[in-house]
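Colleague:
Numbering (my numbering), first residue to last: 23 to 362.
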């Protein structure tokens, strides 16, 4: 009985089997790829490269395009040709930065790869720091704190992201990551904190953003960098509360924190969402029976992403007092190498 079932199953599977024609790699036509996540905090920067067939063993260094014509045009009349610096990176040599709320057009052209165009903006963003207080007045030994901030919804669809960091003694690993170095030799830098919130607006990532609001039943769940939209407070101002526990160190360092509320363009949200969905597709048990996910691109005529975002940053201590990075020594001394 078992033998007959197995033979029947094998017959069904072989009948459904269809050879996949991957084509001749030599027939692949490279496309121009541009990538830029831009913000008013930084000068204009665009990375330009060419695509290759999946079978092509070309090293990344050979994919950079160093002789393209790259221009950025703003709706206010700003126009600038970005200059190649190195490794396919084009920058504003005059130090121009995106202006919050302004729509920009990116044009890139190359003699052998054609031309591409993309459009996006860094959204307007109106937020406020409300305050910080101990999480529990009845439990003086409770190390947690409640942090409140506000977001005002502006016209149009709005998307946001939230991060909370603490100043910590740090070092730089050989792979380029910043790690905690709880030692007098550690140099102040930022450590990403987790926090909790029962607010139904928050989602842990972009994949489920704008699905039905989270039904958390008032239970707090930990977040790193949650996403949220204006779905629950359109054309209104809403206050949010998060609860976090400051990290403690043997090294003497004053507890200082940085809250960043980001306004995200729709292009960035769609890109982040589809990137996560594609990762999920690649690791399913039977990807051949699952519909592939294309990563979102707003680049006409080519590949890549051109997307703006805006950050509002609040630096504060446990008493709610504001501070500057120069007071904490951030960025003044190179990070030491981590002991690996």
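The C-beta atom is built at its ideal place from N, Cα and C for all residues, glycine as well.
(1) With 16 as the cutoff for other CB atoms within 10 Å, does residue 243 come out buried or exposed?
(2) List the whole-angstrom C-beta distance separating residue 125 from residue 141, where the pair is believed to meet the contact cut-off of C-beta under 8 Å.
(3) Leaving out five residues on either side along the sequence, give the residues of the same chain with a beta carbon under 8 Å from the beta carbon of residue 23.
(4) Compute the beta-carbon to beta-carbon distance between residue 252 and residue 180, rounded to the nearest angstrom, for a pair I have assumed lies under 8 Å.
(5) Give me, in chain order, the residues of the same chain whose beta-carbon lies closer than 7 Å to that of residue 353; leave out the 5 immediate sequence neighbours on both sides.
(6) Quick one: Cα of residue 208 to Cα of residue 196, how far?
(7) Under 7 Å between the Cβ atoms of residue 357 and residue 192?
(8) Going straight from the alpha carbon of residue 170 to that of residue 162, what length do you get?
(9) Do residue 333 and residue 291 have their beta-carbon atoms positioned less than 7 Å apart in this structure?
(10) Taking three-plus beta-carbon pairs below 8 Å as touching, is the segment 320-329 in contact with the segment 149-167?
(11) Helix, strand or coil: how does DSSP classify residue 318 here?
(12) Could you check what DSSP says for residue 289 in three-state terms: helix, strand or coil?
(13) From residue 225 to residue 247, what does the alpha carbon distance come to, in whole angstroms?
(14) Sort out for me which residues DSSP pairs residue 68 with in a bridge.
(15) Can you list, in chain order, the residues of its chain with a C-beta nearer than 6 Å to that of residue 212? Leave out the 5 residues immediately preceding and following it.
(16) Given residue 91, which residues of its chain have a CB within under 6 Å of its CB, disregarding the five upstream and five downstream residues?
(17) Starting from the Cα of residue 104, find the closest Cα among 127, 72, 82 and 83 and give me that residue.
(18) Is the beta carbon of residue 148 less than 7 Å from the beta carbon of residue 204?
(19) In terms of residue numbering, what span does the alpha helix (DSSP H) encompassing residue 130 cover?
(20) Where does residue 274 fall in DSSP's three states?
(21) In the DSSP output, which residue or residues are listed as bridge partners for residue 183?
(22) DSSP state of residue 334, grouped into three classes?
(23) As a quick exercise: from 79, 270, 129 and 72, pick the residue whose alpha carbon is nearest that of residue 135.
(24) What are the boundary residues of the alpha helix (DSSP H) that residue 350 is part of?
(25) Compute the Euclidean distance between the alpha carbons of residue 386 and residue 155, then round it to the nearest angstrom.
(26) Determine, using beta carbons only, whether residue 69 and residue 110 come nearer to each other than 7 Å.
(27) Cα separation between residue 44 and residue 115?
(28) On the criterion of 16 or more Cβ atoms from any shown chain inside 10 Å, does residue 344 qualify as buried, or is it exposed?
(29) Can you tell me which of the three DSSP states residue 298 falls into?
Modeller: On the basis of the coordinates in this document:
(1) exposed
(2) 7 Å
(3) Caution applies to residue 23, whose pLDDT of 40 falls short of 50 and renders its modelled position unreliable; the model cannot decide the point.
(4) 4 Å
(5) 347
(6) 15 Å
(7) yes
(8) Residue 170 and residue 162: Cα-Cα distance of roughly 20 Å.
(9) No, Cβ-Cβ distance for residue 291 and residue 333 is not below 7 Å.
(10) no
(11) coil
(12) In this structure, residue 289 counts as helix in the three-state DSSP scheme.
(13) 9 Å
(14) 112
(15) Setting aside the 5 residues that flank it on each side, residue 212 is surrounded in the same chain by 187, each with a C-beta closer than 6 Å to its C-beta; the list follows chain order.
(16) Shown here for residue 91: same chain residues with a beta carbon closer than 6 Å to its own, the five before and five after excluded, namely 131 in chain order.
(17) 127
(18) Contact flag unset, no.
(19) Here residue 130 belongs to no alpha helix (DSSP H); instead the beta strand (DSSP E) covers 125-132.
(20) Here residue 274 sits in coil by DSSP.
(21) 249 and 284
(22) strand
(23) When each option's Cα is compared against that of residue 135, the closest is 72.
(24) It spans 347-350 - the alpha helix (DSSP H) in which residue 350 sits, taken as one unbroken run.
(25) In the structure as shown, the chain begins at 23 and stops at 362. Residue 386 is therefore absent and cannot be evaluated.
(26) yes
(27) With a pLDDT of 45 at residue 44, under the threshold of 50, the predicted position of this residue should be treated as unreliable, and no value is reported.
(28) exposed
(29) helix
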